[in-house]
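Residue numbers (my numbering), protein chains in the order written: chain W, 7 to 443; chain H, 2 to 235; chain P, 4 to 179. Cβ atoms here follow ideal geometry from the backbone N, Cα and C, with glycine treated the same way.
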Amino acid sequence: MATIKRTVEVELSTTGLDPQGRPMRTPLVTATDGSQVAVQAPPALEPELEGEHMLINLGPQHPATHGVLRLVLELDGETVVRCIPHIGYLHCGFEKIGEYRQYNQIIPWTDREDYLNSMGNNVAFALGAERLFGIDITERCTVLRVISMELSRIMSHVVWLGTFCIDIGAFTPFLWLFQERENIYDLLERWVGARLTTSATRVGGMAADIPTGWTDALETFLVRFPRTLNEVDRVLTKNGIWVGRTVGLGAMSADEALNYGLSGPMLRASGVAYDVRKDFPYLDYETYEFDVPVGSSGDVYDRFLVRFEEMRQSVRILQQAVRRLPDGPINVDDHRVILPPKSKATSEMESMIHHFKQVMEGPRPPVGECYVPVESPKGEKGYYMVSDGTPKPVRWRIRPPSYVNLSAISKMVEGHLLSDVIAINASIDIVMGEIDR
Amino acid sequence: MSTPFTPVSPGSALPGPPSVPATLRNVPHRGGDVNPSAEALRQKFGSAVQRVDVVWGETTVVVDRARVQDIVRWLHDDASQQYDYLSDVTAVEFRDLEQPIEVVWHLRSLPFRRFLRLKALLEKGTPLEVPSVFPIYKGADWLERECYDMFGIRFAGHPDLRRILMWEQYKEGFPLRKDFPLRGRFSRAEQLRQALAANPEARYSMEELSIADAFEDLPQDMRTRIRSGEKTGE
Amino acid sequence: MGLTPRPEPTTATYDPKSQEGWVTTKLDFLVNWGRANSLWPMPFGTACCAIEFMATAASQFDLARFGMERMAFSPRQADVLICAGRVPFKLAPVIRRIWQQMPQPKWCISMGACASTGGMFDNYAVVQGIDTIIPVDVYVPEMEPDPDSQLYIPPSAINELSEPFGNSVQQQRSGL
Numbered sequence: 007m008a009t010i011k012r013t014v015e016v017e018l019s020t021t022g023l024d025p026q027g028r029p030m031r032t033p034l035v036t037a038t039d040g041s042q043v044a045v046q047a048p049p050a051l052e053p054e055l056e057g058e059h060m061l062i063n064l065g066p067q068h069p070a071t072h073g074v075l076r077l078v079l080e081l082d083g084e085t086v087v088r089c090i091p092h093i094g095y096l097h098c099g100f101e102k103i104g105e106y107r108q109y110n111q112i113i114p115w116t117d118r119e120d121y122l123n124s125m126g127n128n129v130a131f132a133l134g135a136e137r138l139f140g141i142d143i144t145e146r147c148t149v150l151r152v153i154s155m156e157l158s159r160i161m162s163h164v165v166w167l168g169t170f171c172i173d174i175g176a177f178t179p180f181l182w183l184f185q186e187r188e189n190i191y192d193l194l195e196r197w198v199g200a201r202l203t204t205s206a207t208r209v210g211g212m213a214a215d216i217p218t219g220w221t222d223a224l225e226t227f228l229v230r231f232p233r234t235l236n237e238v239d240r241v242l243t244k245n246g247i248w249v250g251r252t253v254g255l256g257a258m259s260a261d262e263a264l265n266y267g268l269s270g271p272m273l274r275a276s277g278v279a280y281d282v283r284k285d286f287p288y289l290d291y292e293t294y295e296f297d298v299p300v301g302s303s304g305d306v307y308d309r310f311l312v313r314f315e316e317m318r319q320s321v322r323i324l325q326q327a328v329r330r331l332p333d334g335p336i337n338v339d340d341h342r343v344i345l346p347p348k349s350k351a352t353s354e355m356e357s358m359i360h361h362f363k364q365v366m367e368g369p370r371p372p373v374g375e376c377y378v379p380v381e382s383p384k385g386e387k388g389y390y391m392v393s394d395g396t397p398k399p400v401r402w403r404i405r406p407p408s409y410v411n412l413s414a415i416s417k418m419v420e421g422h423l424l425s426d427v428i429a430i431n432a433s434i435d436i437v438m439g440e441i442d443r
Numbered sequence: 002m003s004t005p006f007t008p009v010s011p012g013s014a015l016p017g018p019p020s021v022p023a024t025l026r027n028v029p030h031r032g033g034d035v036n037p038s039a040e041a042l043r044q045k046f047g048s049a050v051q052r053v054d055v056v057w058g059e060t061t062v063v064v065d066r067a068r069v070q071d072i073v074r075w076l077h078d079d080a081s082q083q084y085d086y087l088s089d090v091t092a093v094e095f096r097d098l099e100q101p102i103e104v105v106w107h108l109r110s111l112p113f114r115r116f117l118r119l120k121a122l123l124e125k126g127t128p129l130e131v132p133s134v135f136p137i138y139k140g141a142d143w144l145e146r147e148c149y150d151m152f153g154i155r156f157a158g159h160p161d162l163r164r165i166l167m168w169e170q171y172k173e174g175f176p177l178r179k180d181f182p183l184r185g186r187f188s189r190a191e192q193l194r195q196a197l198a199a200n201p202e203a204r205y206s207m208e209e210l211s212i213a214d215a216f217e218d219l220p221q222d223m224r225t226r227i228r229s230g231e232k233t234g235e
Numbered sequence: 004m005g006l007t008p009r010p011e012p013t014t015a016t017y018d019p020k021s022q023e024g025w026v027t028t029k030l031d032f033l034v035n036w037g038r039a040n041s042l043w044p045m046p047f048g049t050a051c052c053a054i055e056f057m058a059t060a061a062s063q064f065d066l067a068r069f070g071m072e073r074m075a076f077s078p079r080q081a082d083v084l085i086c087a088g089r090v091p092f093k094l095a096p097v098i099r100r101i102w103q104q105m106p107q108p109k110w111c112i113s114m115g116a117c118a119s120t121g122g123m124f125d126n127y128a129v130v131q132g133i134d135t136i137i138p139v140d141v142y143v144p145e146m147e148p149d150p151d152s153q154l155y156i157p158p159s160a161i162n163e164l165s166e167p168f169g170n171s172v173q174q175q176r177s178g179l
């Protein structure tokens, strides 16, 4: 039997009172032909006070939902019986507009979707585009991209931890961690000119090389940042309130986590040691020494520990990367994708033509498609690009890790209290820009 | 700690000592190494496998759209394949409107460290419907809903196929189709008017209503329909 | 006993040189000064601008020194709605409802290019400027405004509120 799907619209705001003094509700039904039909209101029934479940709306504007997320919760007292998430309140048509932009023009868009990890997204896109073009980048560019990805991972985890602390009620680590974020902003501003939305990469290289003295500033940061991490660690990890509020919440077993398609720290906290940097490596990650923290129980506390340790491991990778940064060109020497230097473009005819074609048309990849996943702080992130030989992609698909991670929230919050919903939601580390795109 | 904990490690099904994969370099445009699953699929499903391509090192298998669920289930359950991770479900429509719409599944086998792309071609003029893989992977829930929202592709067997990114009564169409203009079909004023008319609070789906205190006020037939598990959609 | 019709809202003229109502005008000035220096913002943060707003509120560029420390997340307790980030059409009725829930006197700051004009999102999904939905008082350009630019907000808001006609502006505004 075919099920007929209908949306029932019920006016829940009072337009008046019926003779019994209860608010009037006019149930409407959308019939199969699309017309709205008013249903006869039934006789007034005695409202039952026992066993009545409440339906409350959390969001879309809410300080603790990390963006514009709407959760409709069925509550039995304070316990959540069911949770229905509604997203799409930040849907801005990224994928559509990617079909109208050249490959280098898409890079500012990659900043804005997961805005906490902008450099990481830039690198992910550049890796995908370079695979589509069939280009291998230079050594210096590889190491600089590792530096940008790990800095970006630290930035994202710092915001996550700061806002997570605020949601649970601890305000001070937020200020400490945002001060560290300001230090990274200083570094980024010196390199690419922007704090948050960096647009740091280009297809075939980077937007700019690092200025002199930048590596010294980065090494200073790498000395000071672990001290802040230790402070936060002392305040939180063995704190009775923190542990009491996070242990045992929202646990997902390894099989469930795999089946739901979770990735990143969510999956690793559930006991699956899948890290794209180790299993499908890129940017020579197999040559760096770092560990991947894996949790055992998959609850909120384990996710906290996993992300915290990931920050320390990122510092470790950065220390190795800074030491091995080679000299050399930063952009690949390929006139199909990289703009020629200005001195040549204004003096040689051929360079001027290359410059003209790239600026007016944009680089043209061969016909094909590719998907290069990277390990973003939220999980497995990748841009699936399909090219038909024109400078603009036919399809630019963002594989959003937070989107798939958030779909598991209805499973995770069942049976927990309302304040636990906030903690579990915060532990997923969602960015609505990435979810809704 | 009481019980020792062993994490699930990718690459556990690969023979020999644990290997460390390397960053891919000099990937050829076409004709790289084929994923062994492609050959296994050919042997198992024969004519349902229409084409195998290797582009930029990634194996793409084009399959018959009616057999998608069987194929994905076999890939998930079979011990020699173990594709336990669904990375993505999406669709591609080409600028040449004669070409079919391709529905793409990205599957990953963590024990074997493999990546496979499955495609089903939906010819223009045929109903845009494919079987859902939700019974196999719960992660397909929202991915398929988004595919429906953006392209209008129906996934048969999905429990709750309704719009997810646009509001449920969105009338302009399916945004990522190539005949949908970038700025939408309606004028800006009309888009704003329709958006403001969608009162976010007054519209609850039937599933949500079943738990609200308005449930008792609904007429009897609606209550029976909700109790029997009817869901809402577009 | 007849009911008199409600008077139409009129512009109150303010003549600083007039000697009439000296105490009332000083009181007006005091009230406006108080309002201007303790604006409680409601951060309607949607996207990247929200992160920059949080950075402005954090320790390095402190918003608390302007009295804007207490972020009112309930619109019923807020003075100024700071719309930080892009607003898609699905969110438009939400921001309108929130604006309607704010009590008078209220102001709106549209922060960033996306909230002011739609920014780089000229497509089917994004409202091309929230001034199509709610009345905006201050527009902050850039994508995203870094804290140095955001620190122009409090002085410009204070300017707007402290001017002699500040009070009458509220009486002129009807409806919303």
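- At a cut-off of 9 Å between beta carbons, His59 (chain W) makes no contact with chain P.
- Closer than 9 Å to the CB of Pro96 (chain P) there is at least one CB belonging to chain H.
- DSSP places Gly134 (chain W) inside the alpha helix (DSSP H), whose first and last residues are Ser124 to Phe139.
- In chain order, Leu193 make up the part of chain H whose C-beta sits under 7 Å from the C-beta of Thr135 (chain P).
- Per DSSP, the unbroken beta strand (DSSP E) holding Leu87 (chain H) starts and ends at Tyr86 to Val93.
- For Gly368 (chain W), the closest C-alpha among the options W:Leu75, W:Ile113 and W:Gly99 is that of W:Ile113.
- With its beta carbon less than 9 Å from one in chain P, Gly185 (chain H) belongs to the interface.
- Residue pairing by DSSP places Thr207 (chain W) opposite W:Met212 in a beta bridge.
- Glu80 (chain W) sits buried, since 16 or more C-beta atoms from the chains shown fall within 10 Å of its C-beta.
- Nearest to Gln63 (chain P) by C-alpha distance, out of P:Asp149, P:Phe47, P:Leu33 and P:Pro157, is P:Asp149.
- Residue range Tyr109 to Glu119 is occupied by the alpha helix (DSSP H) that includes Pro114 (chain W).
- Residue-level contact check: Ser413 (chain W) touches chain H, since one or more beta carbons of chain H fall below 9 Å from its beta carbon.
- With at least 16 other beta carbons inside 10 angstroms of its own, Lys398 (chain W) counts as buried.
- For Glu440 (chain W) against Tyr409 (chain W), the beta-carbon gap comes to about 7 Å, under 8 Å, which counts as contact.
- Not a single C-beta of chain P is nearer than 9 Å to the C-beta of Trp220 (chain W).
- Bridge partners of Asp54 (chain H) according to DSSP: H:Thr61.
- Cβ-Cβ distances below 6 Å link Asp435 (chain W) to Trp166 and Lys384 in the same chain, with the five nearest sequence neighbours on each side left out; the list follows chain order.
- At a beta-carbon threshold of 9 Å, the residues of chain W lying near Ser88 (chain H) are Gly267, Ser269, Tyr377, Pro379, Glu386, Gly388, Arg405 and Val410, ordered along the chain.
- Minimum Cα-Cα distance from Val282 (chain W) among the listed residues H:Leu123, H:Ser110 and H:Ile154 corresponds to H:Ser110.
- Taking the beta carbon of Arg189 (chain H) as reference, the chain P residues within 7 Å of it are Gln131, listed in sequence order.
- Within the region 101 to 113 of chain P, no residue has a Cβ lying closer than 8 Å to any Cβ of chain H.
- For Lys387 (chain W), the enclosing beta strand (DSSP E) stretches over residues Gly385 to Ser393.
- For Tyr127 (chain P), the closest Cβ of chain W is nearer than 9 Å.
- If you draw a straight line from the Cα of Glu94 (chain H) to the Cα of Pro372 (chain W), it comes to about 18 Å.
- Distance from the CA of Leu64 (chain W) to the CA of His92 (chain W), rounded to the nearest whole angstrom, comes to 10 Å.
- Burial is judged here by how many other beta carbons sit within 10 angstroms of a residue's own beta carbon; Tyr155 (chain P) has fewer than 16 and is exposed.
- In the structure shown, the three-state DSSP call for Tyr377 (chain W) is strand.
- Of W:His72, W:Val152, W:Lys284 and W:Val392, the smallest CA-CA separation from Ile323 (chain W) is found for W:Val152.
- Contact of Arg89 (chain P) with chain H is not assigned, every C-beta pair being separated by 9 Å or more.
- The contact set of Trp168 (chain H) on chain P, defined by CB atoms closer than 7 Å, consists of Lys93 in chain order.
- Per the coordinates, the alpha-carbon of Cys117 (chain P) lies some 10 Å from the alpha-carbon of Ala50 (chain P).
- Scanning the region 162 to 234 of chain W for uninterrupted alpha helix (DSSP H) segments of 4 residues or longer gives 178 to 197, listed from N- to C-terminal end.
- Within the region 5 to 33 of chain H, contact with chain W at the beta-carbon level (separation under 9 Å) is assigned to Phe6, Thr7, Pro8, Val9, Ser10, Pro11, Gly12, Val21, Pro22, Ala23, Thr24, Leu25, Arg26, Asn27, Val28, Pro29, His30 and Arg31.
- Within the same chain, Cβ atoms closer than 6 Å to the Cβ of Arg313 (chain W) are found at His163 and Pro271, the five residues on either side in sequence being excluded.
- A straight line joining the alpha-carbon of Gly132 (chain P) with that of Ser119 (chain P) spans about 5 Å.
- Burial of Trp143 (chain H) is indicated by the presence of at least 16 other C-beta atoms within 10 angstroms of its C-beta.
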